[in-house]
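Some notes on the structure that comes next.
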Amino acid sequence: MKYRIQFYLLLFFRQLLLWLPEKTRFAFGNFLGKAAYYLISSRRQTTLWNLQLAFPEKTEEERKKIAVHSYQIMTKYFLSTLWYDSYLQEKVHIYNQSSMKKAYWKGRGVMAAVMHMGNMEAAVKAGDGFPIVTVAKDQRNPYLEKFIIETRKKNLKLDLLTKSKQTVRQLQAYQKKKKIYLCSFFRS
199 MKYRIQFYLL LFFRQLLLWL PEKTRFAFGN FLGKAAYYLI SSRRQTTLWN LQLAFPEKTE
259 EERKKIAVHS YQIMTKYFLS TLWYDSYLQE KVHIYNQSSM KKAYWKGRGV MAAVMHMGNM
319 EAAVKAGDGF PIVTVAKDQR NPYLEKFIIE TRKKNLKLDL LTKSKQTVRQ LQAYQKKKKI
379 YLCSFFRS
């Protein structure tokens with residue numbers, strides 16, 4: 199029941215956002231990201247610890263600024279997935295897609311390994327027009343999981359595999375089918 203309530207709240211929230219201009223949506227994302235930084239103490243502590251490891255030369259205040267900004271960016275990327283059916287068409291432009299096409303038309307699959315820096319869907323847009331498969335971690339909320347899978351299949355025309363012990367074998371099978379697959383490295 200908890201997951202169903204969360205999901206319907208998300209759909210309601212999404213509808214409210216869609217009534218706002220995009221600039222306002224992103225401003226709200228900045229606010230929400232900053233609020234998340236201050237409200238979710240366990241994540242904040244992990245973030246600051248990781249930044250201390252990555253940037254020991256920076257002051258605590260500089261690392262805090264980076265952390266808040268990162269929360270804002272990630273929140274905006276998440277929010278943009280709620281309307282990416284129009285967002286990707288308008289905002290994402292791919293340059294030099296011909297190099298990928300050349301490799302693909304040589305009769306082999308193409309693999310793109312990218313860092314999960316923000317909106318994964320924008321990177322998938324590079325393979326527009328090609329059969330694509332990607333791997334994602336299950337969401338705890340099954341309603342949200344179904345929504346994400348259906349939205350990605352509809353708007354991005356990709357196959358979404360769930361991370362499991364069989365993932366490597368599944369990807370090898372896709373490679374034999376000459377599909378493009380995206381390996382996005384993200385750890386929460």
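Residue 199 is where the sequence shown starts when you use the working numbering, and the numbers rise one by one after that. Here a beta-carbon is modelled for each residue, glycine too, at the ideal position from N, C-alpha and C.
When the five nearest sequence neighbours on each side are left out, no beta carbon in the same chain lies closer than 6 Å to the beta carbon of L208. In terms of Cβ geometry, Y302 and A265 do not form a close pair [threshold 8 Å]. At the C-beta level, R223 and L277 come within 8 Å of one another.
Taking E348 as reference, the option from W247, F210, T245 and L280 with the minimal CA-CA separation is L280.
The three-state reading of DSSP puts T273 in helix, counting H, G and I together. For F205 against Y341, the beta-carbon gap comes to about 4 Å, under 8 Å, which counts as contact.
Secondary structure at T222: helix, using DSSP grouped into helix, strand and coil.
Around the Cβ of L218, a 10 Å sphere holds fewer than 16 other Cβ atoms; the residue is exposed. In the DSSP assignment, I330 falls within the unbroken beta strand (DSSP E) covering I330 to A334. An exposed status is given to I238, since fewer than 16 other beta-carbon atoms sit within 10 Å of its beta-carbon. No residue range can be given for L280, since it is assigned to no beta strand (DSSP E) and is classified by DSSP as neither H nor E.
Remark: C-beta atoms of I330 and L359 do not approach each other more closely than 8 Å. When the five nearest sequence neighbours on each side are left out, the beta carbons in the same chain lying within less than 8 Å of the beta carbon of Y201 are those of R338, N339, P340, Y341 and L342, in order along the chain. The alpha-carbon of L215 is positioned some 10 Å away from that of G227. DSSP places T245 inside the alpha helix (DSSP H), whose first and last residues are S239 to A252.
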